[in-house]
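**Q**
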Amino acid sequence: MRVTERLLAHRETMTPSERQLVNVLLDDYPMAGLGSITELASIASVSTTTVARMLQKTGFVGYPQFQAAIRSEVKEMISGPVAKRDVWQNDLPEEHILNRYSRQALDNQRRSIDEVAPEEFDSFCRLLCDPDRRIFITGGRITGTLAQYLYLHLQMIRPDVKLLSDAASWTHDLLEVREGDVLVALDVRRYENTTLLIGQLCHERGAEVVLLTDQWRSPIHRLAKHTFAARIAVPSAWDSMASILVLLECVIAEMQERLWDSVKERTEELEQAFDRTKLFRKFGQSSGS
């Protein structure tokens, strides 16, 4: 289990002061846990004894082991492609890539969806369906393709959706962000500075931030109203985005059902436009018709 998962798994058995400590760790993870035990206790306004007791409840022998676990996670967060492959290559089973890769990717999807709280998912979908809120979507160098995928579908579902992708124009687009709007940000390791900056600027303008990230969680989570952490590690130099894509498609499917009457009307108008532009091939018709 990740450090944050261990903290959350034992939260119900903790005293109020221990839960206060956990909140401080989660709000500024991993940085809050990288200082000394006295520094952490001071930041959380608890005693060092409380820190030690909380760690024992979560299965850590002591503060050094706790910090070692955090440092290991930080190393994973900032790993580049070469380092990721080095982690996997020594433990790969003797089987075809189709089997070992797909098994891990499918397990990632299952575990990621299992970890999503249905009420939080529903709250996210309500935000996106609210006609009084405009939707802004952003992603990074790789996750930008997922951001565009979500954008194209939301364009069909509802009005007032904008993709923040073009470096020359996203700063102008931010001028339109107002209190109550929604920013959907996609950010996975090695966490991009531009995506974080967009999150910060939208948050400052009063937008609700929703983050789709990996199991280590982008720094944007400290700004986010909702954070969905998907598992992305696979036996490859590059991470798999399949778990995030599945979650996005669940969102798209739920929004379609919630707004079906208006979605149906928008889709019919869109199909008429497609027919006029001859974007899609109509089988059974000659090319000149």
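In this text, residue positions in the sequence shown follow my numbering: the first is 231, and each later residue adds one. Glycine is no exception: its CB is placed at the ideal position from the N, C-alpha and C atoms.
Per DSSP, which one or two residues make a beta bridge with K392?
**A** Looking at the DSSP assignment, K392 forms a beta bridge with F366.
**Q** Leaving out the 5 sequence neighbours to the left and right, which residues in its chain are closer than 6 Å to R488 when beta-carbon positions are compared?
**A** Only C359 meet the Cβ criterion.
**Q** Quick check on this structure: which residue in Y293, M307, L416 and G289 has the alpha carbon closest to the alpha carbon of T278?
**A** When only C-alpha atoms are compared, the closest one is Y293.
**Q** Sort out for me which residues DSSP pairs D444 with in a bridge.
**A** In DSSP, D444 forms a bridge with A460.
**Q** Got a sec, what are the start and stop residues for the alpha helix (DSSP H) A437 sits in?
**A** Per DSSP, A437 belongs to no alpha helix (DSSP H) and is neither H nor E.
**Q** How many angstroms separate the CA atom of R420 from the CA atom of M307?
**A** The alpha-carbon atoms of R420 and M307 are separated by roughly 6 Å.
**Q** Taking the beta strand (DSSP E) that V414 falls in, what are its first and last residues?
**A** Per DSSP, V414 belongs to the beta strand (DSSP E) from V412 to L416.
**Q** When the Cα atoms are used, what is the spatial distance from S470 to N329?
**A** Rounded to whole angstroms, S470 to N329 spans 15 Å at the Cα level.
**Q** Locate the alpha helix (DSSP H) running through D352, then write down its first and last residues.
**A** First-last of the alpha helix (DSSP H) with D352: P348 to C359.
**Q** Apart from the five residues just before and just after E350, which ones in its own chain have a Cβ nearer than 7 Å to its Cβ?
**A** Same-chain partners within the cutoff: H456.
**Q** Just tell me which of V412, E242 and V346 has its CA closest to the CA of V394.
**A** Note that residue 394 is Leu in the sequence shown, not Val. When each option's Cα is compared against that of L394, the closest is V412.
**Q** With DSSP run on the structure shown, which of helix, strand or coil describes M307?
**A** Residue state, collapsed to three classes: helix.
**Q** Measuring CB atoms only, is the segment 281-288 touching the segment 235-246, in the sense that at least three cross pairs come out at less than 8 Å?
**A** Judged by Cβ distances under 8 Å, the segment 281-288 makes contact with the segment 235-246, as three or more pairs qualify.
**Q** Within 10 angstroms of its Cβ, does S275 collect 16 or more other Cβ (buried), or is it exposed?
**A** Flag for S275 reads exposed.
**Q** If contacts are defined as beta-carbon pairs under 8 Å, then I462 and V414 qualify, I think. What distance do you get, rounded to the angstrom?
**A** Not quite, the Cβ-Cβ distance comes to about 17 Å (not below 8 Å), so this is no contact.
**Q** Just the Cα atoms here: how many angstroms apart are H402 and R249?
**A** About 41 Å.
**Q** Out of A459, D257 and I273, which one is the CA nearest neighbour of V418?
**A** The shortest Cα separation from V418 among A459, D257 and I273 belongs to A459.
**Q** For T425 and S492, I'd like the C-alpha separation in whole angstroms.
**A** When rounded, the distance between both Cα atoms is 32 Å.
**Q** Buried or exposed, going by whether 16 or more other CB atoms sit within 10 Å of the CB of F296?
**A** Buried: at least 16 other Cβ atoms inside 10 Å.
**Q** Have a look at H433, T373, S353 and M261 and flag the residue whose alpha-carbon is nearest the alpha-carbon of T443.
**A** Residue T373 is the option with its Cα nearest to T443.
**Q** Just how far apart, CA to CA, sit S342 and Q486?
**A** Those two C-alpha atoms are separated by around 22 Å.
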